[in-house]
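Quick mapping for you: the protein sequence lines, in order, are chains A and B.
If you count by the numbering used here, then the first sequence holds residues 17 to 284, one letter each, in order.
If you count by the numbering used here, then the second sequence holds residues 7 to 281, one letter each, in order.
We put the CB at the ideal spot given by N, CA and C, even for glycine.
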Amino acid sequence: MSNIFNLNRFGLLLKRQWLDFGKVYLLTLVILVAVIFSFYCYFIPSPIGDNFDYDGNLDMRFRYGLFIFLGFLFISITSSSYFSILGQKPRAIQELMLPASTFEKFAGALFYTAFLAVISYLLIFYIIDLGFVKYVNSHLSEFKMESAKHSHLNGVESISKQVTSDKNYLTYLSSYFPIPFLVISIFLLGSVYFNRFHYIKTAISVAIFSAITFYMIYKASILFIGDKVMRNVMVQKDEILLWIFLVSAAITLSLWLITYIRLKEKEV
Amino acid sequence: MIKVNNLNFGYSKHQPLFKNMSFQLSAGHIYGLLGKNGAGKSSLLKNLAGLVYAKSGTLDVFGFDPSSRQPAMLEQICFIPEEFYLPAIKIDAYLKANAPFYKNFNHDYFTDLMKEFDIPVSQKLTNMSYGQKKKVIIAFGLATQAKLIIMDEPTNGLDIPSKTQFRKIMASALTDDRCIVISTHQVRDLDNLIDTVIILDENNIALQASIEEITEKLTFKKVKEMDPSIIYAEPSLSGFHAVMPNYHQEDSKLDMELLFNAILTEKTKFKPYFN
Numbered sequence: 017m018s019n020i021f022n023l024n025r026f027g028l029l030l031k032r033q034w035l036d037f038g039k040v041y042l043l044t045l046v047i048l049v050a051v052i053f054s055f056y057c058y059f060i061p062s063p064i065g066d067n068f069d070y071d072g073n074l075d076m077r078f079r080y081g082l083f084i085f086l087g088f089l090f091i092s093i094t095s096s097s098y099f100s101i102l103g104q105k106p107r108a109i110q111e112l113m114l115p116a117s118t119f120e121k122f123a124g125a126l127f128y129t130a131f132l133a134v135i136s137y138l139l140i141f142y143i144i145d146l147g148f149v150k151y152v153n154s155h156l157s158e159f160k161m162e163s164a165k166h167s168h169l170n171g172v173e174s175i176s177k178q179v180t181s182d183k184n185y186l187t188y189l190s191s192y193f194p195i196p197f198l199v200i201s202i203f204l205l206g207s208v209y210f211n212r213f214h215y216i217k218t219a220i221s222v223a224i225f226s227a228i229t230f231y232m233i234y235k236a237s238i239l240f241i242g243d244k245v246m247r248n249v250m251v252q253k254d255e256i257l258l259w260i261f262l263v264s265a266a267i268t269l270s271l272w273l274i275t276y277i278r279l280k281e282k283e284v
Numbered sequence: 007m008i009k010v011n012n013l014n015f016g017y018s019k020h021q022p023l024f025k026n027m028s029f030q031l032s033a034g035h036i037y038g039l040l041g042k043n044g045a046g047k048s049s050l051l052k053n054l055a056g057l058v059y060a061k062s063g064t065l066d067v068f069g070f071d072p073s074s075r076q077p078a079m080l081e082q083i084c085f086i087p088e089e090f091y092l093p094a095i096k097i098d099a100y101l102k103a104n105a106p107f108y109k110n111f112n113h114d115y116f117t118d119l120m121k122e123f124d125i126p127v128s129q130k131l132t133n134m135s136y137g138q139k140k141k142v143i144i145a146f147g148l149a150t151q152a153k154l155i156i157m158d159e160p161t162n163g164l165d166i167p168s169k170t171q172f173r174k175i176m177a178s179a180l181t182d183d184r185c186i187v188i189s190t191h192q193v194r195d196l197d198n199l200i201d202t203v204i205i206l207d208e209n210n211i212a213l214q215a216s217i218e219e220i221t222e223k224l225t226f227k228k229v230k231e232m233d234p235s236i237i238y239a240e241p242s243l244s245g246f247h248a249v250m251p252n253y254h255q256e257d258s259k260l261d262m263e264l265l266f267n268a269i270l271t272e273k274t275k276f277k278p279y280f281n
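The structure is reproduced here in structure tokens:
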């Protein structure tokens with residue numbers, strides 16, 4: 017039996033982790049459903065009042081912010097809590113002494129935080145969004161047409177449909193694809209690195225690190241470019257998006273590697 | 007089975023806990039690890055289990071470096087810490103989740119041990135007292151059939167009948183291919199259980215000797231008056247409890263507490279006897 021990765025042992029590990037992690041995870045999902053549902057109920061356009069955006073369509077813009085903000089909270093909390101048990105001596109001893117390799121334990125963390133959490137969030141948001149979209153579309157005739165700019169009121173589209181049917185959206189989506197995984201990798205590392213108050217300490221560390229990085233970039237740009245206007249440098253939008261993808265993916269993979277090493281070297 | 011060579015370890019650079027510590031442990035023995043508070047008993051056990059890393063030196067636990075934490079090694083080590091955690095589930099659910107990781111896990115033996123400890127298998131772990139939980143974790147550890155059993159203060163939280171049960175179970179758990187290391191500061195709890203004593207003091211091992219060797223070289227007596235042959239003595243109601251050289255091959259019962267105090271107080275005087 018391999019000492020690095022064994023599928024049977026990995027399956028056992030996922031099952032075992034579910035016993036510990038599952039209850040809290042399911043409870044978090046219930047809270048997530050309740051929060052999304054409440055926001056939709058509150059902000060969904062109703063036939064009473066002004067419910068149209070600048071283009072004269074029914075205003076469903078709240079859901080983009082909700083999707084990003086809640087998504088960030090959900091994946092960061094889930095990943096920040098995964099290895100938090102290593103901060104408690106008795107639990108850490110039990111986890112580290114469990115006959116599974118460090119790689120399997122790390123892969124288990126990726127499964128729950130980067131796969132299950134992301135998939136379940138997308139699925140829950142998709143189902144709730146679709147439900148409300150269908151509900152609004154079935155009541156379109158009740159909206160007062162004079163409030164709309166067009167003579168004909170367009171139906172609402174679900175977020176998933178908007179993204180998949182628009183080429184522009186798809187380009188952005190593929191470029192920003194590693195961002196949620198970057199968030200996950202940061203908070204997962206924080207959960208191994210810190211022994212207590214993982215979430216707050218990780219958030220503060222990220223804030224300090226980002227401030228220092230931006231300050232250094234700013235100072236470097238002043239030093240090298242000064243106040244000259246760079247007329248000849250034309251950066252294409254596609255190039256920027258590619259760089260966003262590459263840099264965030266590289267940082268994510270590096271942070272996962274550091275998390276693995278940190279887990280391997282964890283002492284109790 | 008376990009070889010430790012020139013182990014240097016400490017939680018800070020300026021305060022080493024172990025300096026060039028070397029020793030060997032063999033299968034078929036129950037070792038009692040004794041030491042004052044802060045002597046490093048738990049830290050030594052953690053070094054053996056790979057829970058902390060040595061600054062330098064080598065540790066060999068049945069061919070593995072414990073710091074590598076390989077599954078093949080981990081399934082042969084049962085570590086029962088002083089403070090432990092059990093999830094809020096039933097015993098059978100705990101078994102289902104954890105036992106499959108140990109390919110030699112003996113379910114019948116676990117059931118027998120639970121019966122011996124008088125704990126119903128259907129009980130929920132959260133509804134148990136500390137002592138009961140400790141019994142569950144001990145029973146689970148023994149049922150893994152691990153080759154190395156490490157116990158840190160296992161009798162803490164056990165009542166008097168449970169301590170007797172514990173001694174009985176541990177004595178029966180010893181096999182030729184198994185090594186048991188028990189650390190405790192309640193030395194009387196290990197009476198009649200351990201066969202080798204390891205005493206830690208001043209960053210190293212002050213004594214490692216079998217009970218047989220100790221009672222062969224030393225005798226433990228009650229004396230009315232002090233005499234020059236006594237190496238160490240403690241006053242008692244009727245005179246003194248004394249440790250002296252066993253010149254006449256007398257049979258005496260090892261007084262663990264007396265030996266412990268004697269070694270810590272008169273380490274240099276005992277050195278010639280155990281080299």
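- Assignment of residue 245/B by DSSP, reduced to helix, strand and coil, places it in the strand class.
- Residue-level contact by beta carbon holds for residue 75/B and chain A, with a gap shorter than 8 Å.
- In this structure, 47/B is the residue among 47/B, 183/B, 59/B, 270/B with its C-alpha nearest to the C-alpha of residue 87/B.
- Here the alpha carbon of residue 36/B sits roughly 37 Å from the alpha carbon of residue 212/A.
- About 33 Å separates the beta carbon of residue 182/B from that of residue 273/B, a gap too long to meet the 8 Å contact definition.
- Here residue 107/A is near residue 91/B, since their CB atoms are less than 8 Å apart.
- At least one CB atom of chain A sits nearer than 8 Å to the CB of residue 52/B.
- Three or more Cβ pairs closer than 8 Å define a contact, and the segment 9-22 of chain B falls short of that threshold against the segment 182-202 of chain B.
- If the five residues before and after residue 150/B are omitted, its C-beta is found closer than 6 Å to the C-beta atoms of 84, 108, 111, all from its own chain and listed in chain order.
- Residue 196/B sits close to residue 190/B, with the two beta carbons spaced by under 8 Å.
- According to the DSSP assignment, residue 75/A belongs to no beta strand (DSSP E), since it is labelled neither H nor E.
- Cα atoms of residue 100/A and residue 54/A: separation of roughly 30 Å, rounded to the nearest angstrom.
- Residue 204/B: member of the beta strand (DSSP E) spanning 202-207, first to last residue.
- Cβ-Cβ distances below 6 Å link residue 224/B to 249, 252 in the same chain, with the five nearest sequence neighbours on each side left out; the list follows chain order.
- Look at the beta carbons and you see the segment 48-59 of chain B touching the segment 109-129 of chain A: at least three pairs across the two are nearer than 8 Å.
- Residue 175/A sits away from residue 52/A, with the two beta carbons spaced by 8 Å or more.
- For residue 284/A, the nearest beta carbon of chain B is closer than 8 Å to its own beta carbon.
- Counting of Cβ neighbours within 10 angstroms places residue 225/A among the exposed residues, the total staying below 16.
- Beta-bridge analysis with DSSP links residue 237/A to no other residue.
- Residue 63/A carries a coil assignment under DSSP once its states are collapsed to helix, strand and coil.
- For residue 261/B, the closest of 78/B, 29/B, 269/B by C-alpha to C-alpha distance is 269/B.
- Interface flag for residue 19/A against chain B is set, since a Cβ pair is found closer than 8 Å.
- Interface with chain A (8 Å Cβ-Cβ cutoff): residue 57/B is included.
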